Every structure is written in structure tokens, then in C-alpha cells.
Amino acid sequence: MDLVLNVADFYVLTPYVYPTSWPEDGALRQIISLMVVTNLGAAVLYLGLGAISYYFIFDHDLMKHPQFLENQVRREIKYALTSLPWISIPTVALFFAEVRGYSKLYDNVSDSPLGWPGLFLSMISFLFFTDMCIYWIHRFLHHKLIYKMFHKPHHIWKIPTPFASHAFHPVDGFMQGLPYHIYPFLFPLHKVLYLLLYVFVNIWTISIHDGDYRVPRGLTAVINGSAHHTDHHLFFDYNYGQYFTLWDRLGGSYRHPSGLKGKGPHDLIRKLQAEGKLVGDKGKGQVNGHSWREVTHKEE
1 MDLVLNVADF YVLTPYVYPT SWPEDGALRQ IISLMVVTNL GAAVLYLGLG
51 AISYYFIFDH DLMKHPQFLE NQVRREIKYA LTSLPWISIP TVALFFAEVR
101 GYSKLYDNVS DSPLGWPGLF LSMISFLFFT DMCIYWIHRF LHHKLIYKMF
151 HKPHHIWKIP TPFASHAFHP VDGFMQGLPY HIYPFLFPLH KVLYLLLYVF
201 VNIWTISIHD GDYRVPRGLT AVINGSAHHT DHHLFFDYNY GQYFTLWDRL
251 GGSYRHPSGL KGKGPHDLIR KLQAEGKLVG DKGKGQVNGH SWREVTHKEE
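Counted from 1, the sequence shown has number 166 at position 166 by full-length UniProt numbering; the numbering is strictly sequential.
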């Protein structure tokens with residue numbers, strides 16, 4: 001994160017924002033800067049990547065599904081943008097520790113214990129480490145004593161759009177993001193690669209909420225894609241993983257996606273269209289023939 005902070009200082013903060021009496025390496029200045037940069041960056045990534053996915057990838061026919069909520073996109077965005085500032089508070093504490101040199105992040109490939117192969121290995125280990133951690137954190141958040149307090153708000157989106165990707169309770173959002181932030185405190189990682197992985201994580205999180213099930217057939221048993229995660233939203237106790245199906249298989253929570261068996265949301269929509277049952281007066285409290293209260297309060 002110090003790379004981002006250095007760029008912000010050079011082009012914006014030092015010449016235009018802070019008084020000259022505030023040194024760039026001052027703790028208070030760094031914390032304030034990180035808070036601004038983190039919130040701005042998170043919002044830009046979320047809204048920018050989410051909009052690209054929503055307009056160019058997301059199948060808008062999914063909005064005809066009986067469990068798609070009234071004004072859902074607006075509600076997803078509002079919830080996410082309300083939560084992100086709270087999530088950023090503990091996140092900035094970790095970023096501050098990175099900037100102050102407490103992590104194992106390094107600047108040059110020559111600093112890697114294994115050189116260029118170390119870059120590749122660290123990328124692979126980052127994905128497998130965070131996937132493992134998120135699986136168990138996510139599964140913990142589904143425990144009956146925890147679920148209603150923190151994770152239930154994310155499951156109101158039975159048929160998610162890309163904008164549901166970051167629509168979490170702040171505690172939920174921080175806990176599921178924590179593995180990404182603790183990895184560089186445990187293992188060596190190049191700073192530029194860390195930033196690239198951070199962007200990739202956001203892209204992936206959006207992609208598993210975009211309703212696009214196009215994963216190469218040979219990889220559907222290995223990669224936890226949108227089809228898998230859609231079943232997680234619909235059926236609750238399955239497919240907790242982030243990138244891979246490994247831990248779901250080991251933990252007995254794997255479910256082959258219904259959307260890949262001709263029994264998914266798209267298939268239901270086509271069936272209801274053929275039967276003429278996708279007629280609903282939303283202005284009178286109806287959502288595709290279902291009452292607003294019935295849809296929003298239905299639990300698994």
C-alpha cells in the first residue's frame with residue numbers, strides 16, 4: 001500500500017492537500033491518507049468493475065426471477081457503500097502496519113528468496129491460502145449463533161447481481177477480506193504483485209455474483225464460479241469456497257451447480273415464461289407474482 005500512498009503524495013497530497021509542516025512519513029498523515037485512499041479505491045473498484053459486469057456480462061433476464069427483489073440493484077449498492085467505510089477502519093490499521101514496514105512485502109524481485117520463481121509461487125500460495133481461510137471463515141459465519149448477526153444481510157440477495165458482491169455487513173466484509181491482508185504478514189510477497197492480486201480479488205468477487213456460468217467444462221469441478229456461488233445464495237449450506245471447490249469437497253459442502261444441470265435460475269425463468277407466470281404488479285407490492293414480504297423474508 002505504500003506504493004499507492006507514494007503516488008498519491010507525489011501527485012496530489014503533498015502539493016495540494018497537506019501543509020508543508022506535515023512530513024510525508026508522519027503517522028497521523030499516513031493514517032488519514034490511507035483512510036481516504038482506501039475508501040476512494042474501494043468505491044471506485046466496486047462501482048467501476050461492478051458497472052462493467054452489470055452492463056456487459058450480467059444476464060438481465062435474471063431480474064425476472066421470482067426471488068429477485070424490488071429495487072434490488074439500488075439496495076445492493078446502497079448497502080455496500082454504507083458498509084465499506086466501516087470495513088475500511090480495521091483494514092487501514094493493517095495497511096498502516098504494512099506502510100510502517102511490519103509486513104514481508106518487498107520492492108524488488110532480487111529481494112525474493114526464490115527470485116522470479118518465487119513470484120509465481122507466491123501468487124499460487126496466495127490463492128490457495130486465502131481460499132482455505134475464506135472457506136472456514138465463511139462457514140463459521142453460517143453458524144446458527146453467528147449467521148443472523150453478520151452474514152444474513154448478504155443472503156437477502158437470493159439472485160445476486162454484480163453489485164451484491166460487496167453488499168456485506170461490515171463485520172462480515174472485514175472477516176472475509178482478512179486473509180488477503182494477513183498473507184503478506186506471514187509470507188514474502190512483491191508489492192506490485194500484491195496490488196495486482198488485490199484488484200484480481202475484487203474482479204473475482206464480482207464475477208461469482210454475475211450470473212454468468214461460462215466456465216470451461218473441464219474446470220467446473222475445480223473452479224468455484226458464478227454457478228456454484230449462485231447455489232450458495234439459493235441453497236445456503238453449499239459451496240462456501242472462493243476460487244476452488246477443494247475445501248467444499250473436503251468439508252462435505254460441495255454441490256454441483258443446479259444451473260449446470262438444467263435446474264438453475266435461468267431454467268426456472270424460461271419455465272415460468274412458457275407458463276405465462278412472470279406477470280406481477282410491483283407497484284402493488286408484488287414481485288413476479290410473489291408478495292414483497294414473502295420474498296424478502298423467506299429464509300432457507
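Every residue, glycine too, gets a C-beta built ideally from N, C-alpha and C. The structure displayed is predicted, hence computed values, not measured ones.
- A Cβ-Cβ contact shorter than 8 Å links S226 with G211.
- Residue state for H209 is assigned as coil, using DSSP reduced to three classes.
- The residues Y46 and A80, in chain order, have a CB closer than 6 Å to that of H166 in the same chain once the five nearest residues on each side in sequence are set aside.
- If you check the CB distance, A164 and E70 do not come in under 8 Å.
- DSSP, read as helix, strand or coil, puts H151 in coil.
- A straight line joining the alpha-carbon of K271 with that of F235 spans about 20 Å.
- As the crow flies, the alpha-carbon of L193 is around 18 Å from that of Y102.
- Around the beta carbon of H143, a 10 Å sphere encloses fewer than 16 other beta carbons of the protein chains shown; the residue is thus reported as exposed.
- With contacts defined as CB atoms closer than 8 Å, L105 and K191 qualify as a contacting pair.
- Secondary structure note for V171: its alpha helix (DSSP H) is the uninterrupted segment P170 to L186.
- Where R249 is concerned, the enclosing alpha helix (DSSP H) starts and stops at L246 to L250.
- In the structure shown, Y106 adopts extended strand secondary structure according to DSSP, grouped into three states.
- Taking every protein chain shown into account, the CB of F10 has fewer than 16 other CB atoms within 10 angstroms, so this residue is exposed.
- With contacts defined by Cβ atoms closer than 8 Å, P160 and H209 form a contacting pair.
- One Cα belongs to V4, the other to T14, and the distance between them is close to 14 Å.
- Beyond the five residues adjoining it in sequence on each side, L127 comes within less than 7 Å, by CB distance, of Y243 in the same chain, given in chain order.
- Considering only L268, L189 and I269, the residue with the shortest C-alpha distance to G115 is L189.
- In the pairwise beta carbon analysis, the stretch 40-58 is classified as not touching the stretch 108-122: fewer than three pairs are separated by under 8 Å.
- Boundaries of the alpha helix (DSSP H) harbouring W116: G115 to L141, taken from the DSSP string.
- Under the three-state reduction of DSSP output, I223 falls in the strand class.
- Taken atom to atom, the span from the alpha-carbon of A8 to that of V37 is near 8 Å.
- Excluding the 5 residues flanking it on each side, D172 has same chain C-beta neighbours closer than 8 Å at L141, F150, H151, P153 and H154, in chain order.
- Counting C-beta pairs with one atom in each stretch, the stretch 130-139 and the stretch 245-254 have three or more that are closer than 8 Å, which means they touch.
- Proximity to Y147 across F129, F168 and M1 peaks at F168, based on C-alpha coordinates.
- Look at L189 here: in three-state DSSP terms it is strand.
- The shortest CA-to-CA distance from S33 to any of Y55, N6 and Y54 is the one to N6.
- In the three-state reduction of the DSSP assignment, E98 falls in the helix class, which pools H, G and I.
- T82 has its alpha-carbon roughly 24 Å from the corresponding atom of I182.
- Across the set P170, N108, G177 and F95, the C-alpha of G177 shows the shortest separation from the C-alpha of D131.
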